[in-house]
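Structure first, commentary second.
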Amino acid sequence: MSTRSRGQRATKRSYSLLPLSEGVLEDNLGIPIVVTYTKVDAMATLEKDMDYTDAHFDLIQWHLRRYCLKYGAGLFYLSGKESHNTDVLYKYIVHKMYGAPLTTSPSVVDKDCLMIPAGGDTLQKISILNDTLRGFNLEEDLYNVSLWAHNEAVILCVYMLLTTDLHGFLACCEAK
8 MSTRSRGQRA
18 TKRSYSLLPL
28 SEGVLEDNLG
38 IPIVVTYTKV
48 DAMATLEKDM
58 DYTDAHFDLI
68 QWHLRRYCLK
78 YGAGLFYLSG
88 KESHNTDVLY
98 KYIVHKMYGA
108 PLTTSPSVVD
118 KDCLMIPAGG
128 DTLQKISILN
138 DTLRGFNLEE
148 DLYNVSLWAH
158 NEAVILCVYM
168 LLTTDLHGFL
178 ACCEAK
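Numbers 8 to 183, taken from this note's numbering, label the letters of the sequence shown in order.
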């Protein structure tokens, strides 16, 4: 005679881990991460005043997507002024925190409204940008790329953000 109560069922679930593609989740931090690229409305100003081209923005996107892929993070381009993706980010956070369904599809076509949830990217998808990046050395650190030559303070802050902890980054920015 079984010792289980009447409503209980013996369930055995076997979970198998699927192999990850190359470059995916190389550093698992164990928490959901979202990277937000804010003030995308300033892209037009950068194009007009500092001669940025689509290739420059594609290079930034290429590096951000590779970074997010490595840590299993989602990537959102946001604009508070024009309300680009702010509502989608809210829905994504609710999805990650509470398991609510996420009905929004990833978006990589419009450079102002990029939205890639965690697990929605691969090196193969990122490599589509390589065609527009032929003039850049993709193995070079983003800090060394000539597009930053216009503003040393921005260079230093971006570099510090990518290479140090938060306290080191804030201390560096405060010193400048």
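We put the beta carbon where it would ideally sit given N, CA and C, even for glycine.
Just so you know, these numbers come straight off a predicted model, no measurement behind them.
- In the DSSP secondary-structure assignment, S114 is bridged to M122.
- DSSP lists V42, I123 as the beta-bridge partner residues of L82.
- At a Cβ-Cβ threshold of 8 angstroms, L76 and V31 count as neighbours.
- According to the DSSP secondary-structure assignment, H91 is paired through a beta bridge with S86.
- Around the beta carbon of P124, 16 or more other beta carbons lie within 10 angstroms, which makes this residue buried.
- Between T139 and D65, the C-beta gap is smaller than 8 angstroms, which places the two residues in contact.
- For I135, no alpha helix (DSSP H) segment is defined, and its DSSP state is neither H nor E.
- For the pair D48 and K88, the CB atoms are nearer than the 8 angstroms cut-off.
- Nearest neighbour of D148 by Cα position, chosen from H70, N92, T45, T60, turns out to be H70.
- The alpha-carbon separation between P26 and E33 amounts to approximately 12 angstroms.
- Within the same chain, and ignoring the five residues on either side of T111 in sequence, the residues whose Cβ sits closer than 6 angstroms to its Cβ are V95.
- Around the beta carbon of N92, 16 or more other beta carbons lie within 10 angstroms, which makes this residue buried.
- The Cβ atoms of L109 and T43 do not sit closer than 8 angstroms to each other.
- For H102 and Y74, the gap between their C-alpha atoms comes out near 22 angstroms.
- Residue state for L24 is assigned as coil, using DSSP reduced to three classes.
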